[in-house]
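Numbering (my numbering), first residue to last: 3 to 143. Glycine included, every Cβ here is placed at the ideal spot set by N, Cα and C. Encoded as C-alpha coordinates, the structure appears first; notes follow it.
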Amino acid sequence: MNPLSENGGESLCRAVIIEAGFVVPDLQHAFTNPDAPWKEYRVDFVWHTPAGRIIVLEFDGTAKYVDPTMTNRRNIQQVVNAEQEREAGLRKAGVSTIIRTNYDETVQQTPLIRKLLEAGVPMVTMNPFFERATDADGQAT
(Lines of atoms letter the chains of each structure in order from A and count residues from 1; the text may use other names and numbers.)
(Lines give C-alpha, C1' and ligand atoms only; values in the text may rest on other atoms or scores of the structure.)
Protein backbone atom coordinates (compact mmCIF):
# COMPACT_ATOMS: atom_id res chain seq x y z
CA MET A 1 0.00 0.00 0.00
CA ASN A 2 1.08 3.52 -0.70
CA PRO A 3 -0.81 6.64 0.37
CA LEU A 4 0.11 8.35 -2.91
CA SER A 5 -2.35 6.12 -4.77
CA GLU A 6 -5.41 8.30 -5.11
CA ASN A 7 -8.00 5.53 -5.27
CA GLY A 8 -8.49 1.78 -5.15
CA GLY A 9 -8.15 1.46 -8.91
CA GLU A 10 -4.67 2.99 -8.85
CA SER A 11 -3.70 0.68 -5.97
CA LEU A 12 -4.95 -2.35 -7.89
CA CYS A 13 -3.09 -1.18 -11.00
CA ARG A 14 0.13 -0.82 -9.02
CA ALA A 15 -0.31 -4.33 -7.58
CA VAL A 16 -0.72 -5.79 -11.09
CA ILE A 17 2.39 -3.93 -12.25
CA ILE A 18 4.47 -5.28 -9.37
CA GLU A 19 3.11 -8.84 -9.55
CA ALA A 20 3.78 -8.96 -13.31
CA GLY A 21 7.45 -8.24 -12.61
CA PHE A 22 7.77 -4.63 -13.72
CA VAL A 23 9.95 -2.15 -11.87
CA VAL A 24 7.94 -0.36 -9.18
CA PRO A 25 6.90 3.02 -10.64
CA ASP A 26 7.14 6.39 -8.95
CA LEU A 27 3.70 7.70 -8.02
CA GLN A 28 2.11 11.12 -8.54
CA HIS A 29 5.16 12.64 -10.19
CA ALA A 30 4.80 16.26 -11.32
CA PHE A 31 6.06 17.57 -14.66
CA THR A 32 6.25 21.22 -15.70
CA ASN A 33 5.63 22.36 -19.26
CA PRO A 34 8.82 24.29 -20.19
CA ASP A 35 6.82 26.49 -22.59
CA ALA A 36 4.30 27.31 -19.85
CA PRO A 37 6.05 26.95 -16.46
CA TRP A 38 2.84 27.77 -14.60
CA LYS A 39 1.32 24.53 -15.93
CA GLU A 40 2.15 21.49 -13.84
CA TYR A 41 0.95 18.01 -14.75
CA ARG A 42 0.86 15.28 -12.10
CA VAL A 43 0.86 11.73 -13.46
CA ASP A 44 -0.27 8.54 -11.76
CA PHE A 45 2.79 6.36 -12.51
CA VAL A 46 6.20 7.10 -14.04
CA TRP A 47 9.34 5.17 -14.91
CA HIS A 48 12.69 6.79 -15.71
CA THR A 49 14.62 4.19 -17.71
CA PRO A 50 18.40 3.74 -17.70
CA ALA A 51 18.36 4.79 -21.37
CA GLY A 52 16.83 8.14 -20.42
CA ARG A 53 13.28 7.45 -21.54
CA ILE A 54 10.39 8.65 -19.39
CA ILE A 55 7.31 6.43 -19.48
CA VAL A 56 4.04 7.56 -17.94
CA LEU A 57 1.01 5.43 -17.13
CA GLU A 58 -2.31 7.13 -16.48
CA PHE A 59 -5.15 5.25 -14.80
CA ASP A 60 -8.38 6.69 -16.17
CA GLY A 61 -11.79 6.22 -14.72
CA THR A 62 -14.83 6.82 -16.91
CA ALA A 63 -16.11 9.38 -14.40
CA LYS A 64 -13.51 11.89 -15.60
CA TYR A 65 -15.52 12.18 -18.83
CA VAL A 66 -19.07 12.27 -17.46
CA ASP A 67 -19.14 13.19 -13.74
CA PRO A 68 -19.83 16.95 -13.49
CA THR A 69 -17.77 17.18 -10.30
CA MET A 70 -14.75 15.89 -12.24
CA THR A 71 -15.37 17.61 -15.58
CA ASN A 72 -15.93 21.09 -14.13
CA ARG A 73 -19.13 21.12 -16.18
CA ARG A 74 -17.23 20.74 -19.46
CA ASN A 75 -18.63 18.53 -22.20
CA ILE A 76 -16.83 15.38 -23.35
CA GLN A 77 -15.14 17.13 -26.28
CA GLN A 78 -13.76 19.84 -23.98
CA VAL A 79 -12.46 17.18 -21.58
CA VAL A 80 -10.80 15.28 -24.45
CA ASN A 81 -9.24 18.51 -25.79
CA ALA A 82 -7.86 19.31 -22.33
CA GLU A 83 -6.45 15.77 -22.12
CA GLN A 84 -4.72 16.19 -25.50
CA GLU A 85 -3.27 19.54 -24.40
CA ARG A 86 -2.04 17.90 -21.20
CA GLU A 87 -0.34 15.10 -23.14
CA ALA A 88 1.36 17.66 -25.40
CA GLY A 89 2.62 19.46 -22.28
CA LEU A 90 3.95 16.20 -20.84
CA ARG A 91 5.82 15.49 -24.07
CA LYS A 92 7.35 18.99 -23.97
CA ALA A 93 8.45 18.20 -20.41
CA GLY A 94 10.39 15.18 -21.69
CA VAL A 95 7.92 12.31 -21.42
CA SER A 96 8.70 9.76 -24.14
CA THR A 97 5.66 7.49 -23.87
CA ILE A 98 2.19 7.91 -22.38
CA ILE A 99 0.14 4.80 -21.68
CA ARG A 100 -3.51 4.91 -20.67
CA THR A 101 -5.34 2.16 -18.85
CA ASN A 102 -8.60 1.76 -16.99
CA TYR A 103 -10.22 -0.43 -14.37
CA ASP A 104 -11.35 -3.14 -16.81
CA GLU A 105 -7.88 -3.55 -18.34
CA THR A 106 -6.37 -3.65 -14.86
CA VAL A 107 -8.75 -6.36 -13.65
CA GLN A 108 -8.16 -8.41 -16.81
CA GLN A 109 -4.40 -7.83 -16.37
CA THR A 110 -3.36 -9.04 -19.85
CA PRO A 111 -4.33 -5.81 -21.68
CA LEU A 112 -2.42 -3.72 -19.13
CA ILE A 113 0.62 -6.00 -19.16
CA ARG A 114 0.66 -5.97 -22.98
CA LYS A 115 0.65 -2.16 -23.01
CA LEU A 116 3.51 -2.03 -20.49
CA LEU A 117 5.57 -4.53 -22.50
CA GLU A 118 4.93 -2.72 -25.79
CA ALA A 119 5.99 0.58 -24.19
CA GLY A 120 9.22 -0.94 -22.91
CA VAL A 121 8.52 -0.47 -19.21
CA PRO A 122 11.55 -1.93 -17.39
CA MET A 123 11.17 -5.25 -15.65
CA VAL A 124 12.80 -6.47 -12.48
CA THR A 125 15.63 -8.78 -13.43
CA MET A 126 15.53 -10.81 -10.25
CA ASN A 127 13.39 -10.80 -7.14
CA PRO A 128 15.72 -11.61 -4.24
CA PHE A 129 12.82 -12.87 -2.14
CA PHE A 130 11.93 -15.60 -4.62
CA GLU A 131 15.01 -16.18 -6.78
CA ARG A 132 18.69 -16.67 -6.27
CA ALA A 133 21.43 -16.00 -8.76
CA THR A 134 22.96 -19.22 -10.05
CA ASP A 135 25.88 -20.14 -12.25
CA ALA A 136 25.64 -22.23 -15.45
CA ASP A 137 25.45 -25.44 -13.36
CA GLY A 138 22.53 -24.15 -11.27
CA GLN A 139 24.65 -23.59 -8.18
CA ALA A 140 23.94 -20.54 -6.01
CA THR A 141 26.44 -17.77 -6.47
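Paired residues, beta bridge with residue i - DSSP
i   : result
D62 : N104
D28 : V48
T99 : I57
Distance CB(residue i)-CB(residue j) smaller than 8 Å
i    : j    : result
I101 : V58  : yes
F61  : V123 : no
P52  : K94  : no
R44  : H31  : yes
L14  : T108 : yes
V97  : I56  : yes
Secondary structure of residue i, DSSP reduced to three states
i    : result
A17  : helix
P113 : helix
A38  : strand
Residue i burial status per 10 Å Cβ neighbour count (16 or more: buried)
i    : result
V18  : buried
P27  : buried
F132 : With a pLDDT of only 49 at F132, under 50, the local geometry of the prediction cannot be trusted, and no value is derived from it.
V126 : exposed
E21  : exposed
G91  : buried
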